[in-house]
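S.K.: Let me begin by handing over the structure; questions about it come next.
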Amino acid sequence: MFMTCNAVGGFLQRSEAMRKYAFGVMDVCGAEDSEIIITGCWLFRGDSEKHMIEANPDAEYYTWKKVEINDETKARVAAYWCNEDELEGKPIADSKVFK
């Protein structure tokens with residue numbers, strides 16, 4: 001688990017060039033004895049993750065998806081940005097904020 005948490009911390013450190021242009025939360029969800037996933041929700045200036053991938057080559061290893069703006073998406077974003085204990089039914093082991 002600690003290696004996954006360190007991977008997220010390293011990813012955020014390498015994203016320093018995006019500091020003025022992005023806000024995001026990345027969570028490590030799961031437990032030692034089950035599947036561990038890295039998930040997150042980001043807000044970028046502009047309409048593409050292209051600048052993030054240019055600033056941090058590790059970003060290409062993640063799946064980026066532009067979401068539609070509706071009530072369901074707003075609730076999901078609020079869950080990603082505000083939940084501390086559980087996300088989509090999985091326990092949050094670690095959470096890091098990029099601002």
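Residue numbers (UniProt numbering): 1 to 99.
Ideal Cβ placement from N, Cα and C applies to all residues, glycine included.
#1: In terms of DSSP beta bridges, what is residue 95 paired with?
#2: Using CA coordinates, which residue listed in 56, 63 and 21 is at the minimum distance from residue 13?
#3: From residue 90 to residue 26, what distance separates their C-alpha atoms?
#4: For residue 73, report the span of its alpha helix (DSSP H) as first-last.
#5: Checking 9 Å against the spacing of the C-beta atoms, do residue 44 and residue 21 come in under that value?
#6: For residue 95, is the classification buried or exposed, using 16 other Cβ atoms within 10 angstroms of its Cβ as the cut-off for buried?
#7: Identify, in the order they occur along the chain, each residue of the same chain with its Cβ nearer than 8 Å to the Cβ of residue 9, setting aside the five sequence neighbours on each side.
#8: Residue 73 to residue 67, Cα distance in whole Å?
#9: Mapping the DSSP letters down to three states, classify residue 39 as helix, strand or coil.
#10: Could you compute how far the alpha carbon of residue 83 sits from the alpha carbon of residue 40?
M.R.: Looking at the atomic coordinates:
#1: Here residue 95 refers to the residue found at position 95 of the sequence shown. Paired residues: 27.
#2: Taking the sequence shown and counting its residues from 1, the one referred to as residue 13 is at position 13. Nearest option by C-alpha distance: 56.
#3: Numbered from 1 along the sequence shown, position 90 holds the residue referred to as residue 90. Numbered from 1 along the sequence shown, position 26 holds the residue referred to as residue 26. Distance between the alpha carbons of residue 90 and residue 26: 14 Å.
#4: Working through the sequence shown from its first residue, we reach residue 73 at position 73. First-last of the alpha helix (DSSP H) with residue 73: 71 to 82.
#5: Residue mapping note: residue 44 aligns to position 44 of the sequence shown, counting from 1. Residue mapping note: residue 21 aligns to position 21 of the sequence shown, counting from 1. Taking 9 Å as the Cβ cut-off, residue 44 and residue 21 qualify as a contacting pair.
#6: Here residue 95 refers to the residue found at position 95 when the sequence shown is read from its first residue. Flag for residue 95 reads buried.
#7: As a first step, residue 9 must be located in the sequence shown, where it is residue number 9. Hits under 8 Å: 96.
#8: As a working mapping, residue 73 is identified with position 73 in the sequence shown. As a working mapping, residue 67 is identified with position 67 in the sequence shown. Cα to Cα, residue 73 sits roughly 7 Å from residue 67.
#9: Residue mapping note: residue 39 aligns to position 39 of the sequence shown, counting from 1. DSSP places residue 39 in strand when its eight states are reduced to three.
#10: Counting from 1 along the sequence shown, the entry for residue 83 is found at position 83. Counting from 1 along the sequence shown, the entry for residue 40 is found at position 40. So the two alpha carbons sit approximately 12 Å from each other.
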